[in-house]
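Per the numbering used here, numbering through the sequence shown is continuous, rising by one, with the last residue being 287. So the structure is just underneath, and the comments pick up after that.
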Amino acid sequence: MQTIQWFPGHMTKALRMMEENVKLCDGFVYVLDARAPFACFNYKLEKLFSSKPTLCLLNKSDTVTQSDISKISAVLRAENRRVLATVGTSQKDGKAVYNAIIDLFKEKLEQKKAKGINKTLRIMVCGIPNTGKSTVINSLCGKKQAATGDKAGVTKGKQWVKLSDIELLDTPGTMPPSFDNQVYAHHLAYIGSINDAILDKESLLLDFIEELSEKFPNALAERYGVPVGLTPIETYEAICSSRGFILRGGEYDYERGALAVFDDFRKQRLGKLCLETSPIN
Ligand SMILES: Nc1nc2c(ncn2[C@@H]2O[C@H](COP(=O)(O)OP(=O)(O)O)[C@@H](O)[C@H]2O)c(=O)[nH]1
Ligand SMILES: [Mg+2]
């Protein structure tokens, strides 16, 4: 297994920006990817949230099953977290996020209102790269305000998005400064939250195939028509063969194979594969 660490300088800068803006914010929206929600927790960020109200979004909930969502939500609620499952692109879910934020501050808003003050809530939207923070903000606003894209690092710097009674601070994705838990680091790499350019994709695919063969033994067989029960490298080569990823000279085109499988996984062409429904130690 390759060791993955990724904490580029721009994340240090982003964390500093977030630290500076904490005082301004009433609460936080913590956007998690439902395929690897526990890997998405960053304890450095959580320290920042301190005692302020926080709403966890299990975003990309369309990429896993309803049963996965129920299991994950139960674990998070047992930790006293507020949880909402969302599809970032859904306007209906954007409205649900808005309502959940208002609900978090219901008492505070009522107290202010009693004094004749219309309070504007300031909410920081945080999470690791590519979980859908900017997309959720756009759905909440009902229009495109924040730049989005299916790779790490689309949001740069800070970005306030203003609605009538809520202001949202979109932030660049930040990783934990180091990964003690390499299973989590691998999950984040599989879902596309780590810059692909720093990864050894071929070795990553072998690790991915190994994990799938334990959790979803039929997923690759169904997609690529390869036999079940092969070793990871045999599976890898069988996928290259079945897809015709062969170089001149007859060598397997491992790179193309890795790109294709990860692309298929990230676009749910391997099915709804949730990598974690409870924390992994
Ligand atoms: N399938 C799926 N894709 C989503 C969802 N929310 C966002 N995305 C996609 O995930 C990618 C990353 O979104 P973005 O908002 O830029 O993520 P950010 O880096 O956290 O701001 C984009 O391609 C979005 O269209 C969702 O709920 N389901
Ligand atoms: Mg963004």
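Positions of the beta carbon are idealized from the N, C-alpha and C atoms, including for glycine.
Beta-bridge partners of residue i, as assigned by DSSP
i	result
Y258	I252
C62	Y36 and V89
R175	Residue identity check: residue 175 is Leu in the sequence provided, not Arg. Looking at the DSSP assignment, L175 forms a beta bridge with M130 and W166.
Straight-line gap, residue i to residue j (C-alpha atoms, nearest Å)
i	j	result
S79	D32	24 Å
F251	T241	13 Å
N187	V81	19 Å
E217	P14	27 Å
Y258	V267	14 Å
D176	V28	13 Å
I134	D99	20 Å
A20	K119	34 Å
F185	T18	15 Å
I215	R275	15 Å
K125	F222	49 Å
Q97	S247	42 Å
L146	S56	25 Å
K139	Y190	20 Å
T60	R249	45 Å
Reference residue i, options the options, closest by Cα
i	options	result
G263	F185, Y230, G277 and V234	Y230
G122	K114, I129 and R128	K114
L212	A203, S199, A195 and N201	A195
S209	I239, M130 and R87	I239
I286	H192, K278 and D206	H192
K150	K112, Q274 and K168	K168
N224	G277, S248 and M181	G277
K109	D202, I172, G159 and V142	Checking the displayed sequence, the identity of residue 109 turns out to be Asp instead of Lys. When only C-alpha atoms are compared, the closest one is I172.
L127	G148, N144 and N105	N105
K1	G148, S170 and T180	No answer is possible for residue 1: it lies beyond the span of the chain, which begins at 7 and ends at 287.
E228	S57, D270 and S170	D270
S284	E220, Y36, R41 and H16	R41
A203	G94, D74, L265 and G256	L265
Expected contact under 8 Å - CB spacing of residue i and residue j to nearest Å
i	j	result
T137	S199	7 Å
C280	T71	7 Å
L253	A244	With a Cβ gap of about 16 Å, L253 and A244 do not count as contacting.
L63	L38	6 Å
N201	W12	7 Å
E282	F44	5 Å
L90	I129	Between I129 and L90 the Cβ distance is about 14 Å, and since that is not below 8 Å, they are no contact.
Complete runs of the alpha helix (DSSP H) confined to the segment 101-132 [at least 4 residues]: 112-120
To test your reading of the DSSP string, which unbroken alpha helix (DSSP H) runs of 4 or more residues are found completely within the segment 7-58? 15-27 and 49-55
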